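Position in the sequence shown (from 1) plus 28 gives the number in our numbering.
Beta carbons: idealized from backbone N, C-alpha and C, even for Gly.
Treat the numbers as computed from the prediction; the structure is a model and nothing was measured.
What follows is a single structure, written as structure tokens, with notes after it.
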Amino acid sequence: MNQSVNLKSTDSIDVWQHAIHQAISSITWPANPAPLYRPIQYTLEHGGKRLRPMLCLLGADVLGGSMDDAMPAALAVELFHNFTLLHDDIMDNAPLRRGRPTVFAANGANAAILSGDALMIAAYSQLQAYEGARLSQLFSVFNRTADEVCAGQQFDMDMEHREWVDTAEYMRMIRLKTAVLLGASLQMGAITAGASESAQKCLYEFGVLAGLAFQIQDDVLDVYGDPDSFGKKPGGDIDSGKNSYLRVRAMEVADEVTREALLQWYSSPSGETRIREVKKIFDHLGVHQMAIDHMNALLEEARINLFATPGANGRSMNRLWDFSQTLVTRRT
């Protein structure tokens, strides 16, 4: 199903990303039934940053593994990620993803459910490229992570209409919904390289911590990011009433009067006035800087885990660290 890529550690990130794109494009899907497989091809044609498969390849590279050997695992995590997006769009009633109509909006809920299920099966099929102990370890990490991602999605839905969510709850939710898959991508790459359990753990923890920082920054950018650079209008989380990191932290640190004002604005009609007034409260409380401080603390802990990885190649560790910085050090 996949073409050989024969990547080298000296190749640029762009070369690796192109190889991932080529490997995904080389997967052959049955022609029939077309309503099942066309939505999958439509979804994978515009796959976003390909962050998770890239981390899988980098995890292998850090521990001296072959990029060619790591590619099936990288494809597995990417197919799984896209499966979750197809189902998330149904639960969120989302009309657009990556600037295009979602499968749910274009083809209906039944198509999105069934095509998502087929993507999940295809993800497992990729792991059939491995044997023995590597296969057992990969399945263990993959299954654990898939279960955690489902739990994270449920926690997110449970929090959707709650006025009060504490920071610990929020961090648990984003850890499960987003961060564990980044950690698992790195760990699965390490497994393909035959890494020790201690090395796998270091890379996994690095990915989870960087993933938490990544999500906090997304919340910050939604309110404070440059719309020309970030690619969307500021204040979307405020407008939708989402329990973002900024809202959760603001509710925790505000006094009673300010907390009541915040809740009143969140219950007011959506629009520019709500966004402006809630942002004023965020500014007054200093939650923007609190988020940046928390993000930086997570990144420092992530860095410590990465550079403690036993048996890791120094140049490859620096490459992985630099790649993570391009993702998490954006315009705040």
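Roughly how many whole angstroms lie between the Cα atoms of Q45 and S268? 34 Å
Do the region 131-138 and the region 79-87 meet, that is, are 3 or more Cβ pairs less than 8 Å apart? Taking 8 Å as the limit for Cβ pairs, the verdict is that the region 79-87 does not touch the region 131-138.
For a test of the three-state rule: what should DSSP assign to R343, helix, strand or coil? helix
Cα-Cα separation between M323 and G75, rounded to whole angstroms: Computed Cα separation, rounded: 26 Å.
How far does the alpha helix (DSSP H) with Q243 in it reach, from first residue to last? 225-252
Give me the Cα-Cα distance between S344 and A59, rounded to the nearest whole angstrom. 41 Å
Which ranges does the alpha helix (DSSP H) cover as unbroken runs of at least 4 residues, wholly within the region 110-193, from first to last along the chain? For the region 110-193, whole alpha helix (DSSP H) runs of length 4 or above, ordered along the chain, are 131-135, 137-154, 160-187.
S213 beta carbon less than 7 Å from that of L313: With a cutoff of 7 Å on beta-carbon distance, L313 and S213 are scored as not near each other.
Could you work out which residue in F310, A221, A282 is closest to V248 when comparing CA atoms only? Considering only F310, A221, A282, the residue with the shortest C-alpha distance to V248 is F310.
Which residues mark the beginning and the end of the alpha helix (DSSP H) in which A212 is found? 208-220
State whether the region 200-212 contacts the region 232-251, with contact taken as three or more CB pairs (one from each stretch) at a distance under 8 Å. yes
From what residue to what residue does the alpha helix (DSSP H) around S295 run? S295 -> alpha helix (DSSP H) spans 284-295.
What first and last residue would you give for the alpha helix (DSSP H) that runs through G299? Careful: G299 lies outside any alpha helix (DSSP H) and carries neither H nor E.
Taking the CB atoms as reference points, tell me whether A223 and L155 lie closer together than 7 Å. no
Opening and closing residue of the alpha helix (DSSP H) in which A59 lies: Run containing A59: none; DSSP gives neither H nor E here.
On the three-pair Cβ rule with 8 Å, is the region 142-149 touching the region 65-74? yes
In the structure shown, what three-state DSSP assignment does R359 receive? The predicted position of R359 is uncertain, since its pLDDT is 48 and thus under 50; a value taken from the coordinates is nonetheless stated next. DSSP places R359 in coil when its eight states are reduced to three.
Given that a residue counts as buried once 16 or more other Cβ atoms are within 10 Å of its Cβ, and exposed if not, what is V285? exposed
Counting only the same chain and skipping the five closest in sequence on each side, list residues whose C-beta sits under 6 Å from that of M29. Low confidence applies here, because M29 scores a pLDDT of 39, under 50, leaving its location unreliable; read the following figure in that light. I55.
Helix, strand or coil: how does DSSP classify P262 here? P262 falls in the coil class under three-state DSSP.
Please classify F234 as buried or exposed, where buried requires at least 16 neighbouring CB atoms within 10 angstroms. buried
How many whole angstroms separate the CB atoms of A319 and I244, which I take to be in contact at a CB cut-off of 8 Å? 5 Å
Cα-Cα separation, S298 to L142: 34 Å
Determine whether the beta carbon atoms of M185 and N271 lie at a separation below 7 Å. Result no, Cβ atoms of M185 and N271 do not sit closer than 7 Å.
Let's test the definition: count the other Cβ atoms within 10 Å of the Cβ of R275 and tell me whether it reaches 16, buried, or not, exposed. Buried, by the Cβ-count rule.
Rounded to whole angstroms, what's the CA-CA distance from Q317 to L327? Just pull it up for me. 15 Å
I'd like to check one pair, L107 with A151: are the Cβ atoms closer than 7 Å? yes
By the three-class DSSP mapping on this structure, what secondary structure does R78 have? Reduced to three states, the DSSP call for R78 is coil.
So T173 packs on L209, CB below 8 Å; how close in whole Å? 6 Å
In this structure, does DSSP put S53 in helix, strand or coil? Note: S53 maps to helix in three-state DSSP.
Could you tell me the alpha carbon to alpha carbon distance between I41 and D321, rounded to whole angstroms? 29 Å
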